[in-house]
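>
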Amino acid sequence: MSEVPDWPEFRAAHPGAAPTEWLRAAAEPDWSAAVGHRFALDCNAGRVPETVMRRYLVQDYQFIGAFCALLGRAIHTAPDLPSRLPLGRFMGLLCSEENTFFVRAFDALGVSEALRRDPPLSDAARGFRALMVEAAESAVHADQLAVLCVAEWVYLSWARPARATRPPQPFWCAEWVDLHASPYFESFVRGLRAALDREVIALDAAGRARVRALFTRAATLERAFFDSAYDETLPA
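With full-length UniProt numbering, the residue at position 113 of the sequence shown is 113, and numbering never jumps.
And the structure:
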């Protein structure tokens with residue numbers, strides 16, 4: 001990871017920087033490697049091989065349960081109703097539009113019921129799911145936000161450039177881009193960042209170190225997860 005100082009020193013060296021910019025800098029080079037990953041670029045261009053897309057979606061679908069729990073915990077630990085409402089709305093999208101996308105993509109790509117329910121997981125998938133569980137078990141709202149912010153901000157960062165240019169087919173690429181490049185999703189990620197910014201400013205040095213560790217681990221796992229889509233030892 002990059003040698004980035006603690007937040008007060010980073011802020012002094014970068015006047016006007018937000019805490020999430022500090023966290024993103026600390027997550028290099030994995031952050032940029034995830035955003036510029038060949039899977040992301042190929043998805044934007046509609047050219048992910050079917051075998052790779054099947055493997056990716058099968059693995060990604062196994063996060064739904066842990067991710068819902070993480071969101072639910074973030075709703076619980078949020079400081080007030082205005083902070084809870086955007087998370088609740090996103091939970092609704094996850095459990096409706098996004099879940100429906102997975103089912104339609106599985107049907108179109110011929111994914112077996114066994115792989116939908118209980119596939120062998122990559123190391124990255126197991127690690128990311130464990131990280132979600134760890135963050136969900138914390139009583140500190142910033143801990144949930146750190147993992148959520150990486151999971152969504154990385155996707156917005158690679159999908160947004162293709163918002164107006166992605167080809168319409170195959171739909172499993174086009175709609176995956178659309179889910180992560182819409183104006184709503186961009187607004188949601190902006191709100192996540194703002195919430196995490198506020199939380200980091202209020203933390204002491206130990207709290208900042210914990211959030212930084214969660215954030216950078218999540219970025220490392222995002223990169224590894226994209227890599228695992230090309231792991232031919234995993235079923236697809």
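Beta carbons: idealized from backbone N, C-alpha and C, even for Gly.
Going by other Cβ atoms of all chains shown within 10 Å of its Cβ, with 16 needed for buried, is ASP204 buried or exposed?
As a working note, residue 204 is residue 204 in the sequence shown. Answer is exposed; the Cβ neighbour count stays below 16.
> When you compare each of VAL150, GLY191, ASP143 to ALA34 by their alpha carbons, which one comes out closest?
Start at 1 with the first residue of the sequence shown, and residue 34 comes out as number 34. It is VAL150 whose Cα lies nearest to the Cα of ALA34.
> Which class does LEU131 belong to by DSSP, given the choice of helix, strand or coil?
By one-based count along the sequence shown, residue 131 stands at place 131. Three-state result, LEU131: helix.
> With LEU115 as the anchor, note down where its alpha helix (DSSP H) starts and where it stops.
For the purposes of this step, residue 115 is identified with residue 115 of the sequence shown, where counting begins at 1. 113–117 is the extent of the alpha helix (DSSP H) around LEU115.
> Would you mind giving the Cβ-Cβ distance between LEU109 and GLU175, rounded to the nearest angstrom? I have them listed as a contact below 8 angstroms.
As a working mapping, residue 109 is identified with position 109 in the sequence shown. As a working mapping, residue 175 is identified with position 175 in the sequence shown. No, LEU109 and GLU175 are not in contact; Cβ-Cβ is about 13 angstroms, not under 8 angstroms.
> If you measure between the beta carbons of residue 266 and THR216, is that distance less than 7 angstroms?
Residue 266 falls outside the range modelled here, since the chain spans only 1 to 236, and no answer is possible.
> Output needed for VAL133: all residues of its chain with C-beta closer than 7 angstroms, excluding positions within five of it in sequence on either side, in chain order.
Translated into the one-based positions of the sequence shown, residue 133 becomes position 133. Counting only Cβ-Cβ distances below 7 angstroms, and skipping sequence neighbours, we find ALA66.
> DSSP state of ARG217, grouped into three classes?
Locating residue 217 in the sequence shown gives position 217, counting from the first residue. Reduced to three states, the DSSP call for ARG217 is helix.
> Secondary structure at GLY207, three-state DSSP: helix, strand or coil?
As a working note, residue 207 is residue 207 in the sequence shown. In the structure shown, GLY207 sits in a helix (DSSP, three-state: H, G or I).
> Helix, strand or coil: which one does DSSP assign to GLN59?
The sequence position of residue 59 within the sequence shown is 59, counting from 1. DSSP places GLN59 in helix when its eight states are reduced to three.
> Note down, in chain order, each residue of its chain lying with its Cβ closer than 7 angstroms to the Cβ of GLN169, except the 5 sequence neighbours on either side.
Reading the sequence shown from its first residue, position 169 is the one you call residue 169. Taken in chain order, the residues that qualify are GLY46.
> For the alpha helix (DSSP H) that GLU199 lies in, which residues bound it at each end?
Within the sequence shown, numbered from 1, the residue matching residue 199 stands at position 199. Taken as a continuous stretch (DSSP letters only), the alpha helix (DSSP H) holding GLU199 covers 183–202.
> Compare the Cα-Cα distances from ALA236 to each of CYS43, ASP30, ALA142, SER112 and report the closest residue.
Position 236 of the sequence shown holds residue 236. It is SER112 whose Cα lies nearest to the Cα of ALA236.
> Compare the Cα-Cα distances from ALA219 to each of SER187, PRO161, PHE185, PHE128 and report the closest residue.
Numbered from its first residue, the sequence shown carries residue 219 at position 219. With distances taken between Cα atoms, ALA219 lies closest to PHE128.
> Rounded C-beta distance between LEU131 and LEU71? I'm assuming under 8 angstroms.
By one-based count along the sequence shown, residue 131 stands at place 131. By one-based count along the sequence shown, residue 71 stands at place 71. Not really, about 14 angstroms apart at Cβ, beyond 8 angstroms.
> Can you tell me whether ALA114 is buried or exposed? The criterion is at least 16 other CB atoms within 10 Å of its CB, across all chains shown.
To locate residue 114, count along the sequence shown from 1; it is residue 114. So ALA114 ends up on the exposed side.
> Which residue from HIS141, PRO167, HIS180, ARG38 puts its Cα closest to that of VAL154?
Indexing the sequence shown from 1 puts residue 154 at position 154. Nearest of HIS141, PRO167, HIS180, ARG38 to VAL154, Cα basis: HIS180.
> So, for ALA105: in the same chain, excluding its five sequence neighbours on each side, which residues have a beta-carbon less than 7 angstroms away from its beta-carbon?
Sequence index remark: in the sequence shown, residue 105 carries index 105 (1-based). Here the set comprises LEU57, TRP172.
> What would DSSP say about GLY16, mapped onto helix, strand or coil?
Translated into the one-based positions of the sequence shown, residue 16 becomes position 16. Coil.
> Can you tell me which of PRO8, PHE10, ASP231 puts its alpha carbon nearest to the alpha carbon of ALA125?
The count along the sequence shown starts at 1 and reaches residue 125 at position 125. It is ASP231 whose Cα lies nearest to the Cα of ALA125.
> Given this structure, state the Cα-to-Cα distance separating LEU121 from GLN59, to the nearest angstrom.
The residue you call residue 121 lines up with position 121 of the sequence shown. The residue you call residue 59 lines up with position 59 of the sequence shown. Each residue's Cα considered, the two are about 6 angstroms apart.
> Tell me which same chain residues have a C-beta within less than 7 angstroms of the C-beta of TRP7, skipping the five on either side of it?
Numbered from 1 along the sequence shown, position 7 holds the residue referred to as residue 7. Hits under 7 angstroms: PRO19, TRP22, VAL200, ARG208.
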